[in-house]
Amino acid sequence: TDKGYRFYVNSLDLSKPKVSKKASEELEEALASADDYEISRKNLAKMMVEISNQTVILAFTLEKVYYTGLSNLFSKPEFSELAMIADVSQVFDRCEECLQDFYDKVGDEPNIFIGNEHPFGAVLSALSARFGKNGEGLIALVGPKRMDYLANFSLMKKIKEII
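In our numbering, the protein residues as written are 6 to 168.
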């Protein structure tokens, strides 16, 4: 249940795990791979997808949203039913609308949102943080509730460090 996952997440020591040196270098290279602000962040999102095997949503503003890694999400056992894929796909199709209320819940530091605590679908969890000079950007790593919270939280902390 969501309460069970929340209890589990709250009991984790999120200060200990670190991203591997190799993953850290790959993330920094992805960010530095382009001079263009948006392209460099998109490259970073793609590398996050490779490292985490999850989905990443990158909102530069509420109107400008990029996401990658949906195939990772839909290849998980939770999505063996076509109806579940259709429900989650609809959320991503109207991603800009879904983010409006979520923006206010997300702070500068990475936070974990489980089930109905975020707008991406009750069967999912999201780790999210703001980025940019004025916090106008939002990055979210989205996956099933059974995701590796420690590894993904460490990944989000590293992203905040380099972005």
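Backbone N, C-alpha and C fix where the C-beta goes; we use that ideal spot for every residue, glycine too.
Selection from Pro22, Val70, Asp18 and Met53 that minimises the alpha carbon distance to Glu34: Met53
Quick check on DSSP: helix, strand or coil for Ile168? coil
Cα-Cα separation between Asp40 and Lys110, rounded to whole angstroms: 31 Å
Environment of Ile167 [buried if 16+ CB atoms lie within 10 Å]: exposed
Could you tell me how far apart the beta carbons of Ser130 and Met161 are, in whole angstroms, since I believe they sit closer than 8 Å? With 8 Å as the limit, Ser130 and Met161 do not qualify as a contact, their Cβ atoms being about 12 Å apart.
Identify whether Ser38 lies in helix, strand or coil by the three-state DSSP scheme. coil
Could you check where the beta strand (DSSP E) with Gly74 kicks off and where it finishes? No beta strand (DSSP E) contains Gly74, which DSSP labels as neither H nor E.
Could you tell me the boundaries of the beta strand (DSSP E) in which Gly142 lies? Gly142 to Pro149
Could you give the residue range of the alpha helix (DSSP H) that holds Phe107? Cys100 to Lys110
Kindly give me the distance between the Cβ atoms of Ser133 and Ile119, rounded to whole angstroms, as I take these residues to be in contact under 8 Å. So it is not a contact: roughly 12 Å between Cβ atoms.
Is the CB of Ser38 under 8 Å away from at least one CB in chain D? In the displayed structure, chain D is absent; only one protein chain is listed.
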